[in-house]
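Residue numbers (the numbering used here): 2 to 525. No residue lacks a Cβ here, since even glycine has one placed at the ideal position from N, Cα and C.
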């Protein structure tokens, strides 16, 4: 039986008239008006003795304050030290930079004039070769990962053997700073001044590196307009304007890996220094006296007699243990994780991988590369191209020689980066063939994904085959049309098709001579 209790904890009794008791009504009203404490909370929001040390370094700073000059300086110095002392960290950074830049992106103009496009692309290649632009871009990409940001300053270089006298001069992150930064000035952080919309207006660039041995050091920075500065960094927080090293979360992993390796090596080395030990279980009065810590040189094939009551044994090394390799790989994998790099690529060893898992692990890696390539195009390549194109228009008198009169349509372009390497070329070729046959892609797209310009490749192919470019394009088009649709597509495009060969005439059948029995039957 269930009892209902009143506010005093006594069994509730009905008043017999079918109406609610007064104290019940008052209790209900008080319960509705009473403020109930909120019990919702997060485990991570609690400050307990168990986790207070973990969260002791948290702060409420904005992005630029969290990445202050002092913080960035310490992180950059430690990152450089780690890359100089840890072979895996250096290899991870070099591999990622190689995959990111490769042999350098190619310019592909997209204006309405093919002749103008090819001319601009040729002049750009000549200028890039003269200035060593590919090497500088690789170095800038390496600094982007190791230091957190890369800087390139566009300056006039009269020593170039090219009519466009602009060059990109690389500087390290320490040279972009304001030694005497005004306190609490809006739109001004260490090294960069902004407008009201957060766009960089100018950069403060020191003429000498603060760590250089030149004396005296000029601490008066040069104010360079933002349109002449290529600043490449990863923006992870709103309002962030300076970068930090990519491997910041895993800098301690390299030190832990080296410490663990040296400890294991020391333990193995110490035990290996002792060839044999002597031990006994007998009482001291029952055995020959042996001086503690005494030694005996051992020669090859020697014979000796042990003291009475003593046994010789060889110590067994306990290090490295069976989990050493897995723990070592775990640390390397964590160092490579900020780059989305698979373990086999970080180790430069795929012996433990099968073909399918290797391809799956590279999906996220290639996604990260494509994002960084897009940032490189926006923050570096386009900045350089805008300044270069204006000077090239004046130097070569393109389109009237006035860059201000050229619309955006005359500057349209894209950048073709080297193709991501694949292991199964046959499967990729079959996939491209299927996509072409079903209309999901086009030849220009496939060539662009491979880092090539379709128009340039068609010209080369037409020249090699001794036909015109238009004929070569028609051939390429018909190659990817299903056989049953070739005639229909050709008729739509007005491509002449060879007339089908006439079918061979059927030979007249010889009349069979009737058999003698059949002839007799006919006569009857």
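Would residue 374 be called buried (16 or more neighbouring beta carbons within 10 Å of its own) or exposed? As a position in the chain shown, residue 374 is number 373, starting the count at 1. With 16 or more neighbouring CB atoms inside 10 Å of its own CB, residue 374 falls in the buried class.
Backbone CA spacing between residue 182 and residue 242 [nearest angstrom]: Taking the chain shown and counting its residues from 1, one reaches residue 182 at position 181. Taking the chain shown and counting its residues from 1, one reaches residue 242 at position 241. When the Cα atoms are used, residue 182 and residue 242 turn out to be separated by approximately 16 Å.
Through-space distance from residue 176 to residue 244, alpha-carbon basis: The residue you call residue 244 lines up with position 243 of the chain shown. The residue you call residue 176 lines up with position 175 of the chain shown. Each residue's Cα considered, the two are about 14 Å apart.
Taking Cβ to Cβ, would you say residue 389 is nearer than 8 Å to residue 165? Position 388 of the chain shown, counted from the first residue, corresponds to residue 389. Position 164 of the chain shown, counted from the first residue, corresponds to residue 165. Yes, the Cβ-Cβ distance between residue 389 and residue 165 is below 8 Å.
Does the beta-carbon distance from residue 367 to residue 316 come in below 8 Å? On the chain shown, residue 367 is found 366 positions in, with the first residue counted as 1. On the chain shown, residue 316 is found 315 positions in, with the first residue counted as 1. Contact: no.
Please go through the same chain and pick out, in chain order, the residues whose beta-carbon is closer than 6 Å to the beta-carbon of residue 87, but skip the five residues on each side of it. As a first step, residue 87 must be located in the chain shown, where it is residue number 86. For residue 87, the CB contacts under 6 Å within the same chain, skipping 5 residues up- and downstream, are 255 in chain order.
Give me whichever residues DSSP pairs with residue 80 in a beta bridge. For the purposes of this step, residue 80 is taken as the residue at position 79 of the chain shown. Paired residues: none, contrary to the question.
Determine whether the beta carbon atoms of residue 206 and residue 167 lie at a separation below 8 Å. Residue 206 sits at position 205 when you count from the first residue of the chain shown. Residue 167 sits at position 166 when you count from the first residue of the chain shown. It is not a contact, given that the beta carbons lie outside the stated cut-off.
Taking residue 162 as the reference, which of 139, 124, 58 and 232 has the closest Cα? Sequence index remark: in the chain shown, residue 162 carries index 161 (1-based). It is 124.
Using 8 Å as the Cβ pair cut-off and three pairs as the minimum, do the region 227-243 and the region 369-385 touch? Touching, per the Cβ criterion.
Have a look at the DSSP bridge pairing and note the partners of residue 232. Within the chain shown, numbered from 1, the residue matching residue 232 stands at position 231. The partner list for residue 232 (beta bridge, DSSP) reads 152.
Unbroken beta strand (DSSP E) run spanning residue 125, endpoints: One-based indexing of the chain shown puts residue 125 at position 124. Looking at the DSSP string, residue 125 is not in any beta strand (DSSP E); the run it does join, the alpha helix (DSSP H), is 115-132.
I think residue 127 touches residue 110, with their Cβ atoms under 8 Å apart; what is that distance to the nearest whole Å? For the purposes of this step, residue 127 is taken as the residue at position 126 of the chain shown. For the purposes of this step, residue 110 is taken as the residue at position 109 of the chain shown. Actually they are not in contact, since the Cβ atoms of residue 127 and residue 110 sit about 15 Å apart, beyond 8 Å.
Identify whether residue 177 lies in helix, strand or coil by the three-state DSSP scheme. Counting from one through the chain shown, the residue named residue 177 turns up at place 176. Note: residue 177 maps to strand in three-state DSSP.
What residue from 281, 360, 459 and 201 has the CA that sits closest to residue 421's CA? The residue labelled residue 421 in the question sits at position 420 within the chain shown. Measuring from the Cα of residue 421, the nearest candidate turns out to be 360.
Roughly how many angstroms lie between the CA atoms of residue 265 and residue 271, to the nearest whole one? Within the chain shown, residue 265 is the residue found at index 264, counting from 1. Within the chain shown, residue 271 is the residue found at index 270, counting from 1. Straight-line Cα distance between these residues: approximately 10 Å.
Is the Cβ-Cβ distance between residue 64 and residue 239 less than 8 Å? As a working mapping, residue 64 is identified with position 63 in the chain shown. As a working mapping, residue 239 is identified with position 238 in the chain shown. Contact check for residue 64 against residue 239 passes: the beta carbons are separated by less than 8 Å.
Compute every distance between the C-beta of residue 430 and the non-hydrogen atoms of the ligand GDP, then say whether any falls below 7 Å. Among the components of this structure there are no ligands whatsoever, and the ligand GDP is therefore not found.
Thinking C-alpha only, which one of 283, 284, 308 and 301 is nearest residue 295? If you number the chain shown from 1, residue 295 lands on position 294. Checked all of 283, 284, 308 and 301; the closest Cα to residue 295 is 308.
So who's on the other strand from residue 278, going by DSSP bridges? Working through the chain shown from its first residue, we reach residue 278 at position 277. Answer by DSSP bridge pairing, in chain order: 314.
Opening and closing residue of the beta strand (DSSP E) in which residue 194 lies: Residue mapping note: residue 194 aligns to position 193 of the chain shown, counting from 1. 193-195 is the span of the beta strand (DSSP E), which, as asked, contains residue 194.
Taking the alpha carbon of residue 472 as the reference point, which residue from 113, 26, 491 and 406 has its own alpha carbon closest? Reading the chain shown from its first residue, position 471 is the one you call residue 472. Of 113, 26, 491 and 406, the residue nearest in Cα terms is 491.
Give the straight-line distance between the Cα atoms of residue 424 and residue 133, rounded to the nearest whole angstrom. Position 423 of the chain shown, counted from the start, is the residue given in the question as residue 424. Position 132 of the chain shown, counted from the start, is the residue given in the question as residue 133. So the two alpha carbons sit approximately 31 Å from each other.
If you compare alpha carbons, which of 327, 336 and 335 is closest to residue 353? By 1-based counting over the chain shown, the position of residue 353 is 352. For residue 353, the nearest C-alpha among the options comes from 327.
Taking all protein chains shown into account, do 16 or more other C-beta atoms lie within 10 angstroms of the C-beta of residue 525, making it buried, or fewer, making it exposed? As a position in the chain shown, residue 525 is number 524, starting the count at 1. Here the model assigns residue 525 a pLDDT of 48, short of 50, so the residue's position is not dependable, and the following value carries that caveat. Flag for residue 525 reads exposed.
Spatial distance of residue 58 from residue 179 (CA atoms): In the chain shown, residue 58 corresponds to position 57, counting from 1. In the chain shown, residue 179 corresponds to position 178, counting from 1. Between residue 58 and residue 179, the C-alpha separation is close to 27 Å.
Taking the alpha-carbon positions, what's the residue 355 to residue 299 distance? Against the chain shown, residue 355 aligns to sequence position 354. Against the chain shown, residue 299 aligns to sequence position 298. The straight-line gap from Cα to Cα measures roughly 49 Å.
Inter-residue Cα distance where the pair is residue 455 and residue 444: On the chain shown, position 454 is the one that residue 455 refers to. On the chain shown, position 443 is the one that residue 444 refers to. About 7 Å.
Is residue 294 helix, strand or coil when you go by DSSP? The count along the chain shown starts at 1 and reaches residue 294 at position 293. Residue state, collapsed to three classes: coil.
Below 8 Å, how does it come out for the region 145-156 and the region 94-112: are there three or more Cβ pairs, yes or no? yes
Relative to the C-alpha of residue 104, which candidate in 419, 431, 482 and 463 has its C-alpha closest? Start at 1 with the first residue of the chain shown, and residue 104 comes out as number 103. The residue with the shortest Cα to Cα distance from residue 104 is 419.
What are the complete alpha helix (DSSP H) segments, minimum 4 residues, inside the region 351-405? Runs of the alpha helix (DSSP H) inside the region 351-405: 356-377 and 383-397.
For residue 410, which option in 114, 197 and 102 has the closest C-alpha, if you only look at C-alpha atoms? What you label residue 410 is simply residue 409 of the chain shown in a count that begins at 1. For the residues 114, 197 and 102, the minimum Cα distance to residue 410 belongs to 114.
Report the rounded CA-to-CA distance for residue 79 versus residue 372, giving the unit in angstroms. Here residue 79 corresponds to residue number 78 of the chain shown, with the count starting at 1. Here residue 372 corresponds to residue number 371 of the chain shown, with the count starting at 1. So the alpha carbons of these two residues sit roughly 26 Å apart.
Please report how far the alpha carbon of residue 12 lies from the alpha carbon of residue 30, in whole angstroms. On the chain shown, position 11 is the one that residue 12 refers to. On the chain shown, position 29 is the one that residue 30 refers to. Between residue 12 and residue 30, the C-alpha separation is close to 20 Å.
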